[in-house]
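Below is one structure, written out as structure tokens; the observations come after it.
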Amino acid sequence: MKKNERYIYPAVFTYEAGQEIAVVFPDLDVATSGADDNEALLSARELLGCVLYGLEEDNEEIPSPTPLSDVTTAENERAVLVDVYMPSIRMAKINRSVNRTVTLPAWLNAAALERNINFSQVLQDALKSQMHIEYH
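Positions in the sequence shown are counted from 1; adding 14 to them yields this note's numbering.
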């Protein structure tokens with residue numbers, strides 16, 4: 015499956031007095047919300063990236079977006095196009111941090127703490143060296 019660099023999908027923003035703005039992607043059957051237009055748009059973009067990344071990773075079919083002119087809305091709704099740039103989403107997923115628990119002697123832990131050693135950085139450097147990886 016060819017991975018697109020950018021996806022653009024219509025989203026329906028629903029405005030109700032005293033409530034967050036609801037955002038629904040009709041083609042993907044997912045929703046989010048935000049306190050104002052900016053927050054709703056950012057939340058929508060983040061959700062769109064996560065959903066499409068998941069579909070790509072699972073090799074599932076990515077539905078075609080409905081043309082904006084074909085999206086029906088109620089009086090309190092607005093249809094907008096939301097885009098996501100996938101290379102940045104993919105890199106963020108690859109470079110995300112994961113927690114690992116390591117065991118070391120108490121004396122070594124104490125000596126490293128005295129010297130303000132960054133345990134995570136040392137472990138990363140050691141693993142890359144052990145596996146002959148120069149990736150940063």
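Even for Gly, the Cβ is constructed at its ideal location relative to N, Cα and C.
None of the values given here were measured: they were computed from a predicted structure.
A45 to A126 span [Cα, whole Å]
47 Å
Could you spell out the range, first to last residue, of the beta strand (DSSP E) harbouring V96?
E91 to Y99
How many whole angstroms separate the CB atoms of Y21 and D97, which I take to be in contact at a CB cut-off of 8 Å?
7 Å
Just how far apart, CA to CA, sit A31 and V65?
29 Å
So the beta strand (DSSP E) R20 belongs to, where does it begin and stop?
R20 to T28
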